[in-house]
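Below: the structure, in structure tokens.
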Amino acid sequence: MKTRQHIHQFLSASIRMIPAAITLCCLVSCSVTRKLPAHEKLYIGADVRITDKNLKGKQEKALENELEGLIRPKPNTSILGIRYKLLFYNMVDSVPPHKRGLKYFIKNKLGEPPVLFSDVSIDANTKIVCNRLENRGFFNAKCKADIIDKKKKVKVIYRPEPGIQYFIRNVQFLIDSSNDIGAEIMKTRPSTFLKPKDAYDLNVIKAERDRIDVRLKEKGFYYFSPDDILVQVDSTAGGNQVDLYVRIKANTPYKAKQVYRIANTYIFPNFNISQDTIETQFEKYKNFYMADPEHKWKPVTFERYIYFQPGDIYNRTAHNIALNNVASIGAFKFVKNKFVETGDSNRLDVQYFLTPFPKKSIRAEITGKKTDADFTGTALTINWRNRNTFRGAELLSISLYGGTDVQSGGNQSTSNRSYYKLGSQISLSIPRFITPFSIGKIGTFLPRTRFTLGYDFLSRQNSYTLNSLRTVAGYSWKKNTRVDHELNIIDVNYVHATHVTEIYKELAASDATLRKAIEDQFTIGSSYRYINTNTANTKKIHTTYYMGGIDLSGNIPGLLTGANIQEGDQKKFFGAPFSQYVKMESDLRYYFKIGEKTRLANRLFVGAGFAYGNSTNLPFVKQFFIGGSNSIRAFRARTVGPGSYYAPDDPNAAPGFTADQSGDLKLEFSTELRQHIAGFVNGAIFFDAGNIWLLKDDINPDAVKPGSLFTKRFLDDLLVGTGVGLRFDLSFVILRTDLAFPLRKPWLPAGERWVFNDLRFGSPTWRRDNLVLHLAIGYPF
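Take the sequence shown: its letters are residues 518 to 1298, numbered as in this note's numbering.
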């Protein structure tokens, strides 16, 4: 009865608001036209409506959308029919161009001038529509336009009549294969884009010319161009069919038909783009020449990245790889190359002009941040760089940083949950593999060897301070544009707590989770991460991202020392037990483009860690957590789990000492429907589910968490939440807001865990206890 009463009240209130909404729309409508020049009308856009019985369904709609994208000019920007930029423009009277201020900002930055109907050329647009239809094989296309004029607003409806589309009957390559270029083109014929029975499409013909050009560029035809290919169309075949004939143009230059080879390679590593002269003093190193009289660079630095050797046939792939590799070194601001003909027949010199960054630089940054655990804060970082430390483009970076964070969200007091952090880090990045043995080329991209040494000091208010020392040595490389590898051969981290307050010691004595946060932690091992993704290809309908990783610690020391904590034989390094564990993670994401403005994003994360030998559980910093802005958003970060365990706020506890909940296993699934709304504003509806679990009870019997263990009935422990959000895509950064609420709480009694019947959006108490608002940067996945 109460539910029906709420629905009735909502509908009644909505009906009462209709007159006000209509009045508001009328006022807005009048305001955008009231300042139009005399005898002018506001252009509010165009629609394309195809009237042809030969086109149906998706084909017709797709063609209409394509044609609408060609219509110019575009109307004023609007959201839900409200032309907000024009409203801003009309708010302020004219402002002189030389005068800056608030009025100028409102009128010219927030606003935009009206798009007038007098600016629209209907004849030009109808010609553009007909031309596009002809390019798509509708050779007899016609188009007319209707004008809809209402109260100083004009809309244009274009009504194209495509007619019957022509299809390809035959494709013939009329090319002499007795010469080099003809033979290479004929070899590409099996891969042609021109297929009999396909619809005629000028874009496909252009793509075919580009395909042939790409193949020829790989075979040394440096001067060849797609324009040297002619595709003749014969539409007299009858039956709305065409025959296509592929030829080399008769006026193709002689040089375009010749195979070119590399003569010499010249490198200018200190090139100044502001000067007209270049260094002419060269020194030869193996198979190339360097213009570096001051010896600022080791020649071996470039030997690894220059793919051309004297006598090699010109190859576009090698051309691009060399440019990409040199640019990826990170020491050069500008990179360009040039191919120059020599006196020898069909020979090219290749020249690389490299403009370096300043060798040494220092930079200070002040940043604001919002973390997944709902911490908000600021940080100051001072970074010194040397981009050519040992004359081999090595990057040495020394950083000093400090910051403070305060945790927001949650129902408990957060007065004692703030902390500040100080630290420093030294890192060295070398643009090649440093190994005791030779490694060949793993891929076409630049590999890197990295060494890092860092120290952090963290002080949590009224709780404790942590000192952390870490060192990492490893490699990163790309096999291709999709696949990344990162291998850390040595990954050591030492954490030691000091200045633990008496109140925290008292609480930690009876709470294993609080105790773990201040335990000495020493990890020594290796880690590996693999990434395979094609999400950068925005044209694909289906894209994926996969990350798999493994983290090992203490295995070799455990074997050497025979450590076994179960038998009371726990070994220590530097006074701290070393951790022995294996941890694996798998993150799979799938993106499906439903339409031009709609996308479905999905994520499945599975992680597991197992401690053994010298350890009873994973180090606290290596455990899994759930909740927060990038996890299950209906629950605050680190406040739920593991399993069906729930630790309610204790009103008698000291404020700010609620323990972070963690686990050895993590399962998480999310799906998010993303929809472009207008301008830089996007919306989303999302659904999240998952949880964390423990593999075994804590060794302290008084700290056992009921329902926290992973069992075959783990699905009964799933947390489920949903919500809506806005994303503001500002190009340089994406700001995100998500408002979420729980649908399933696994700590409730069986049969009551789904909480649909408890939803009370009108109740302040329910909203306070269940609605979670996240402010974040970037997409959650």
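Don't be surprised by glycine CBs; every beta carbon is placed ideally from N, CA and C.
Judged by DSSP in its simplified three-state form, residue 865 adopts strand. The Cβ atoms of residue 557 and residue 611 do not sit closer than 8 angstroms to each other.
The beta-carbon distance between residue 915 and residue 897, rounded to whole angstroms, is 15 angstroms. This is too long to meet the 8 angstroms contact definition. When the beta-carbon positions are compared, residue 819 and residue 779 stay at least 8 angstroms from each other. For the 8 angstroms CB-CB criterion, residue 1141 and residue 1034 do not form a contact. Between the alpha carbons of residue 630 and residue 606 lies a distance of about 6 angstroms. Taking the Cα positions, residue 567 is about 14 angstroms away from residue 586. Beyond the five residues adjoining it in sequence on each side, residue 650 comes within less than 7 angstroms, by CB distance, of 658, 677, 679 in the same chain, given in chain order. Closest in C-alpha terms to residue 594, from the list 579, 570, 560, comes 560. Where residue 574 is concerned, the enclosing alpha helix (DSSP H) starts and stops at 574-585. Taken in chain order, the complete alpha helix (DSSP H) segments of 4 residues or longer contained in the stretch 1025-1110 are 1029-1033, 1072-1078. Rounded to the nearest whole angstrom, the C-alpha separation of residue 1212 and residue 954 is 41 angstroms. In this structure, residue 1294 lies away from residue 1241, with their beta-carbon atoms at least 8 angstroms apart. Counting the other Cβ atoms within 10 Å of the Cβ of residue 767 gives fewer than 16, which makes it exposed.
Using a C-beta cut-off of 8 angstroms, the stretch 858-866 makes no contact with the stretch 788-808, since fewer than three inter-stretch Cβ pairs fall below that distance. Beta-bridge pairing by DSSP links residue 1195 to 1198. In the three-state scheme derived from DSSP, where H, G and I count as helix and E and B as strand, residue 691 is classed as coil. Note that the C-beta distance between residue 759 and residue 697 is not below 8 angstroms.
For residue 1200 against residue 1149, the beta-carbon gap comes to about 20 angstroms, at or over 8 angstroms, which does not count as contact.
Per DSSP, the beta-bridge partners of residue 758 are 684. The three-state reading of DSSP puts residue 1139 in helix, counting H, G and I together.
Nearest Cα to residue 1178 within the set 1191, 1209, 1192: 1209. Boundaries of the alpha helix (DSSP H) around residue 651: 639-652.
Annotated three-state conformation of residue 840 is helix, per DSSP.
Judged by DSSP secondary structure, residue 700 falls within the alpha helix (DSSP H) whose first and last residues are 697-704. Our two residues, residue 1129 and residue 836, have alpha carbons roughly 51 angstroms apart in a direct line. It is roughly 15 angstroms from the alpha-carbon of residue 901 to the alpha-carbon of residue 919. Bounds of any alpha helix (DSSP H) do not take in residue 858; it lies within the beta strand (DSSP E) bounded by 849-858.
Taking 8 angstroms as the upper bound for CB-CB distance, residue 656 and residue 752 are in contact here, some 7 angstroms apart. For residue 1274, the three-state secondary structure derived from DSSP is helix. Considering only 1158, 976, 1222, 740, the residue with the shortest C-alpha distance to residue 1261 is 1158.
Residue burial annotation: residue 576 is exposed, with fewer than 16 other C-beta atoms found within 10 angstroms of its C-beta. If you check the CB distance, residue 701 and residue 732 come in under 8 angstroms.
Taken through DSSP and simplified to helix, strand or coil, residue 969 comes out as strand.
For residue 1021, the three-state secondary structure derived from DSSP is helix.
Classified as buried, residue 600 has 16 or more neighbouring CB atoms from the shown chains inside 10 Å of its CB.
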